[in-house]
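Some notes on the structure that comes next.
Number of protein chains: 2
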Amino acid sequence: MPMQRRLSVRTVDPLHVRLLRLLRDEGAVSRAELGDQLQMPRPRMLAELDRLVALGYVAEAGLAASRGGRRSTLVELNPKLRFAAVDLGASSMDIEVVNGRLEPVAHYGEAADIRNGPKVTLQRVNELLHKARVDGAYERLDAVGIGVPGPVSFRDGVPVSPPIMPGWDRYPVRELLSREHGCPAVVDNDVNIMAIGERHGGVAHSVDDFLFVKIGTGIGCGIYLTGEVYRGTDGCAGDIGHIQVDSHGPMCSCGNIGCLEALFSGAALAKDATAAARSGASPALAERMSLRGVVTALDVAEGAVEGDVTCIQLIRDGGRRVGGVLAGLVSFTNPSMIVIGGGLAQLGHILLAEIRSVVYRRSLPLATGNLPVVLSELGGRAGVAGAAVLASDVAFAEAA
Amino acid sequence: MPMQRRLSVRTVDPLHVRLLRLLRDEGAVSRAELGDQLQMPRPRMLAELDRLVALGYVAEAGLAASRGGRRSTLVELNPKLRFAAVDLGASSMDIEVVNGRLEPVAHYGEAADIRNGPKVTLQRVNELLHKARVDGAYERLDAVGIGVPGPVSFRDGVPVSPPIMPGWDRYPVRELLSREHGCPAVVDNDVNIMAIGERHGGVAHSVDDFLFVKIGTGIGCGIYLTGEVYRGTDGCAGDIGHIQVDSHGPMCSCGNIGCLEALFSGAALAKDATAAARSGASPALAERMSLRGVVTALDVAEGAVEGDVTCIQLIRDGGRRVGGVLAGLVSFTNPSMIVIGGGLAQLGHILLAEIRSVVYRRSLPLATGNLPVVLSELGGRAGVAGAAVLASDVAFAEAA
Chain A
1 MPMQRRLSVR
11 TVDPLHVRLL
21 RLLRDEGAVS
31 RAELGDQLQM
41 PRPRMLAELD
51 RLVALGYVAE
61 AGLAASRGGR
71 RSTLVELNPK
81 LRFAAVDLGA
91 SSMDIEVVNG
101 RLEPVAHYGE
111 AADIRNGPKV
121 TLQRVNELLH
131 KARVDGAYER
141 LDAVGIGVPG
151 PVSFRDGVPV
161 SPPIMPGWDR
171 YPVRELLSRE
181 HGCPAVVDND
191 VNIMAIGERH
201 GGVAHSVDDF
211 LFVKIGTGIG
221 CGIYLTGEVY
231 RGTDGCAGDI
241 GHIQVDSHGP
251 MCSCGNIGCL
261 EALFSGAALA
271 KDATAAARSG
281 ASPALAERMS
291 LRGVVTALDV
301 AEGAVEGDVT
311 CIQLIRDGGR
321 RVGGVLAGLV
331 SFTNPSMIVI
341 GGGLAQLGHI
351 LLAEIRSVVY
361 RRSLPLATGN
371 LPVVLSELGG
381 RAGVAGAAVL
391 ASDVAFAEAA
Chain B
1 MPMQRRLSVR
11 TVDPLHVRLL
21 RLLRDEGAVS
31 RAELGDQLQM
41 PRPRMLAELD
51 RLVALGYVAE
61 AGLAASRGGR
71 RSTLVELNPK
81 LRFAAVDLGA
91 SSMDIEVVNG
101 RLEPVAHYGE
111 AADIRNGPKV
121 TLQRVNELLH
131 KARVDGAYER
141 LDAVGIGVPG
151 PVSFRDGVPV
161 SPPIMPGWDR
171 YPVRELLSRE
181 HGCPAVVDND
191 VNIMAIGERH
201 GGVAHSVDDF
211 LFVKIGTGIG
221 CGIYLTGEVY
231 RGTDGCAGDI
241 GHIQVDSHGP
251 MCSCGNIGCL
261 EALFSGAALA
271 KDATAAARSG
281 ASPALAERMS
291 LRGVVTALDV
301 AEGAVEGDVT
311 CIQLIRDGGR
321 RVGGVLAGLV
331 SFTNPSMIVI
341 GGGLAQLGHI
351 LLAEIRSVVY
361 RRSLPLATGN
371 LPVVLSELGG
381 RAGVAGAAVL
391 ASDVAFAEAA
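Sequence order for the protein chains is A and B. No gaps in the numbering here: position 23 of the first sequence is 23 in this note's numbering, and each next residue is one more. No gaps in the numbering here: position 177 of the second sequence is 177 in this note's numbering, and each next residue is one more.
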C-alpha cells in the first residue's frame, strides 16, 4: 500500500523578482518590451513596475525608439542601487561594490588569513566597505553577498564545521553583516559563488547542468543542476578534494589517505616542486629556488611554459588525478559542461589537455559526446561576480 | 558586464495534479479535508473536483464522519482507474496492473532476454497486458509506465545508446505503447523507477535527497535531488558501474579497465565464486558446484550465511569497492540517505556493514553525521512500484 507523504509543490519566482532580474541582466528596457519578455498581462506588469518605482528599485530612463504608435518609456534599475560582494579565500579577501547591473564601481583586495577568525576578518570587511562609502562608491548598500572557504548552511547563513576556518563554526555571519549594513545579506561557499559568477557572466552562461571545479590551495566543486546550485543536505556537496584517488597515497590533512587534495592542489604541488628543485630533477625549479628560497605552484607553471620536463610532468600527473575523479562524476551526473577555475587554472592548457584526455577516455561515450571541458572565463573575479549575483537576488526577493 | 541570459521560471504542479495525487496517496478524503490539505480557495477546489468527477477520474464515496455541522461527502479516485507498470530487466520482465491507489490487481513475471530486441520484447509485454484484460484486471488502461535497463531520453520516451540493449537505440517505445493501449505512456531507466518506487512507498518515502544504488547484473544509481529524479543532460546520470576503482583491475565489458562493475556485480561475483569453487578455497561453493555444475551470486550469499570464510570475504571485498565509490559520491552530493537495492542486496547485512564502514570512514564527518545507509524495503517490487507512480503521474498531468 502506498504510504502517506507530503505533496511537493514548487514555487515560481514572483513577478517582481523576474522583472528586476531582467533589468539587471539586460539594462534599460521599454515598458512595451518588458510585457513581451515576461509574458504577463500588461496591466499587472505595469502596476508592479509602478510599485517598484515607488519603492526606489526602478527608475524612468527616457523614451524608447518608436515601434510605430505611441513611444514607450524606458525603465532601468535605480542607478543608486549598490550591492557589496565579498570573496573570502583561505589567504585573501576580495571586495567589490557593484551597481544594479552588477558592474563594479569599487574594488579592494588584500592578503588575509581566514584563520584569524570571524571577528577580525569581518571587522576588516566592514572597514573596507566603510572606506568604499567614504570614497563615494555608495550612499547605502541594498544587500551584501559573501563567500567563505568552507561548508555553509545556506538557509541559516552560517558556516558549518569548516575544516580550515577555526572559530567560524555556526558564527552568525549573515546576521552580523545584515545588522552592520542595514540590508539583507547572504552567505555561501566560495566555490558555489564562483560557479554562480561563471553562470551569470562567464563561460557557463545559460548552461543549466555543469560542474565548476576549483583547483587552488584545496580542491572543490560547485554543482549546477537543472539551473540551480545544488548544495546538499548539510551544505557540503561538492567536497571532491577528499575523494580517495590512491589507497597507497600520502596522508591528507583530513586524516584519510590518498585524497585528491593531498596529491594535487596548490599545497601539494608546492611540496612536489620543492622536492624537484632540491633533487635537481628540474633545472627551472632549482634556479627559482636558489633565487628566492622557495618555489610555488606558479613556478611550476612558469617552468612548464619554458619547457622544463619535470614541471610539465608534475602538471600532467595532477591533471590525470583530477581527470580520474571528474570521469567518475561525469558518469554520475552527466553534466553538459565542466569549467576549471581557481588559482591552479593558471597551469593552463597542459592541465586542461590532461583532464580532458582522461575524462573523454574514462567516461561513457554518451555522456562525453558533447561535453566541453573549459577554463573559467572570469578567473580571479568569478567569486565576487557570483557574490554580487546572490546579493542582488536576495535584495530583489525582499522587494516585496 | 553581465551577459544576456534567459530567466528561469519554475512551474508549479497544477491543482488537478495535486488533487489526484492526494487521492492516490491517501485514499478516500472528504471534500472539507481536501480544501484544508491543498490550501486552496474552497470554491476553486470544488469546481475542479466536479470537473474531475465528470471526466471519470474521481468518484463519490459516501458521507464522511461529522466534524460538526453538515456532513461532508467523501471522494476517491474512480475505482475503475488502471495503470500498467512494466519493469524490463536484462533477463526478466515484471508487469503489474494497479488501481488508482497503485495497489496491484494483477501480476505477471517471467524470464526474458532484453537482447531479443524491442519488437519481440514489446510484443510479449502487450500479450501479457491483453491477457490481464481477458482475466478481468481492467477494462481500459489509463496509462502505461515502463522501465528499461539502459539510458533513456525521458523527454523523447526512447532508449539512447543503451549498451546491453542491441536494437533498442531510439526505438519509439513510448509512442508504440501509447498507440497500442490508447493511453499516455512513459519510459524511464530501470534504476530510476526503482528509486521512484522506494521514495513513494518504501524506505525513502518523504526523503528529498538520496541515492538508490542497484547492485545486480550491473551496477547503477538512481539520484533524487531536492525531491526530483535527476536524469542528467543525456539521461545517463547515475551510471556508476563504470567508475574506475582499480587502475590495475580486470578489463570491463565497456572496454575500460578496473570499472566497479567489472570487480563487483552479479556477473563478476559468479566468476569469482566459480574460481573459488574450482580451487577448493570455498567448501560451500565447491559443494554447490558439484551438485549443480554452476555457482551464482546467490550461492555466495547462502555460503556466507553458513559461515563459509571465502564467501564472506568475497562479499566484504565487493562491499569495500562499492563503499569506496559511494564515499566519493557522498562527498560530492551530500545526500540524506543511501538505499541499496537490486539482486545482490540479497547478500544482506555483511554487504551493508562493509559499505557503511567504508562510507563512514572515508567521507567528511559533516556529510555522514546523519546518513542512513539502508537496504531497499520494496526489494524486487521497487521497479514496478516506481513505474506505476510514473504512469499515474503522466495520466494525472493529462487530465486537463
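The beta carbon of each residue, even a glycine, is placed where N, CA and C say it ideally should be.
**Study point:** Nonlocal neighbours in the same chain, by C-beta distance under 6 angstroms from G319 of chain B, ignoring five residues either side
**Key:** Around G319 of chain B: L351, E354, I355.
Review point. Between the C-alpha atoms of A80 of chain B and V58 of chain B, what's the straight-line distance to the nearest angstrom?
Key: Ala is not the amino acid found at residue 80 of chain B; the sequence shown has Lys there. One C-alpha to the other measures close to 10 angstroms.
Point to revise | Opening and closing residue of the beta strand (DSSP E) in which D87 of chain B lies | key: 82-88
Exercise for review: Check whether the stretch 109-125 of chain A touches the stretch 169-181 of chain A, taking contact to mean three or more Cβ pairs, one atom from each stretch, closer than 8 angstroms.
Suggested key: yes
Practice item. Just the C-alpha distance for G307 of chain B and V295 of chain A, rounded to the nearest angstrom, thanks. Key: 57 angstroms
Check your understanding: Closer than 8 angstroms, CB to CB, is P151 of chain B near chain A or not?
Key -> The beta carbon of P151 of chain B sits closer than 8 angstroms to some beta carbon of chain A.
Review point. Would you say T217 of chain A reaches chain B, if we count a Cβ-Cβ gap shorter than 8 angstroms as a contact?
Key: no
Check your understanding: So with Cβ pairs under 8 angstroms, would you call I243 of chain B a contact of chain E?
Key -> This model lacks chain E altogether; the protein chains it does include are A and B.
**Study point:** Below-8 angstroms beta-carbon distance, Y230 of chain B vs any chain A residue
**Key:** yes
Review point. Based on the DSSP output, what are the partners of T73 of chain B in its beta bridges?
Key: B:L63
Check your understanding: Counting contacts by CB-CB distance shorter than 8 angstroms, is L329 of chain B in contact with chain A?
Key -> yes
Practice item. Could you pull out every unbroken alpha helix (DSSP H) segment of at least 4 residues lying fully inside the stretch 158-190 of chain B, listed in chain order? Key: 173-181
Practice item. Pick out whichever of B:D317, B:F83, B:H205, B:L260 has its Cα sitting closest to the Cα of M337 of chain B. Key: B:H205
Practice item. Determine the direct distance from the alpha carbon of L314 of chain A to that of V305 of chain A, and round the result to whole angstroms. Key: 13 angstroms
Review point. Just the Cα atoms here: how many angstroms apart are R5 of chain A and L260 of chain A?
Key: Low per-residue confidence applies at R5 of chain A: pLDDT is 33, beneath 50, and the placement is therefore not dependable, though the value from the model is reported in the following sentence. Their backbone Cα atoms lie some 40 angstroms apart in a straight line.
Check your understanding: Along chain B, which residues have their Cβ under 8 angstroms away from the Cβ of N256 of chain A?
Key -> R361, R362
Review point. Just to confirm, are G266 of chain B and G343 of chain B a CB contact at a threshold of 8 angstroms?
Key: In contact: G266 of chain B and G343 of chain B (Cβ atoms closer than 8 angstroms).
Point to revise | Neighbour list for A237 of chain A in chain B, Cβ cutoff strictly below 7 angstroms | key: What A237 of chain A touches in chain B: F332, T333, N334.
Practice item. Kindly indicate if chain A contains any beta-carbon less than 8 angstroms away from that of C221 of chain B. Key: yes
Review point. Is the Cβ-Cβ distance between L49 of chain B and L20 of chain B less than 8 angstroms?
Key: no
**Study point:** V229 of chain B versus G222 of chain B - alpha carbon distance
**Key:** 7 angstroms
Exercise for review: Below 8 angstroms on the Cβ atoms is my guess for D142 of chain B versus A395 of chain B; work out the distance and round it to an integer in Å.
Suggested key: That belief holds up - the Cβ atoms of D142 of chain B and A395 of chain B are roughly 5 angstroms apart, short of 8 angstroms.
Point to revise | Any C-beta of chain A under 8 angstroms from that of M1 of chain B | key: Low confidence applies here, because M1 of chain B scores a pLDDT of 30, under 50, leaving its location unreliable and the question unanswered by this model.
Review point. So, is A90 of chain A buried or exposed, given that buried needs 16 or more other C-beta atoms within 10 angstroms?
Key: buried
Review point. When the Cα of A412 of chain A is compared with those of A:L63, A:E103, A:A111, which residue comes out closest?
Key: One cannot answer for residue 412 of chain A here, as it falls past the ends of chain A, which runs 1 to 400.
Check your understanding: Near E96 of chain A, what residues of its chain come up, given a Cβ to Cβ distance below 6 angstroms and the 5 sequence neighbours on each side ignored?
Key -> A85, P104, H107, V384
Check your understanding: Beta carbon of V245 of chain B, beta carbon of G324 of chain B: below 8 angstroms?
Key -> yes
**Study point:** Paired residues, beta bridge with Q244 of chain A - DSSP
**Key:** A:C259
Check your understanding: The beta strand (DSSP E) spanning Y108 of chain B covers which residue range?
Key -> 104-111
Point to revise | Where C254 of chain A sits in the DSSP three-state scheme | key: coil
Review point. Quick one: is L63 of chain B buried, meaning 16 or more other Cβ sit within 10 Å of its Cβ, or exposed?
Key: exposed
Point to revise | Cβ-heavy atom distance, N256 of chain B to the ligand PLP, below 7 angstroms | key: This structure simply doesn't include the ligand PLP, nor any ligand for that matter.
Check your understanding: Taking the Cβ atom as the reference point for each residue, do P14 of chain B and L366 of chain A lie within a distance shorter than 8 angstroms?
Key -> Between P14 of chain B and L366 of chain A, the C-beta spacing is not below 8 angstroms.
**Study point:** Closest residue to V29 of chain A among A:C252, A:L77, A:E198 (Cα-Cα distance)
**Key:** A:L77
Review point. Exposed or buried, which one is V134 of chain B when buried takes at least 16 other CB atoms within 10 Å?
Key: When all chains shown are included, V134 of chain B counts as exposed.
Review point. How about P184 of chain B and E398 of chain B: are their beta carbons less than 8 angstroms apart?
Key: Yes.
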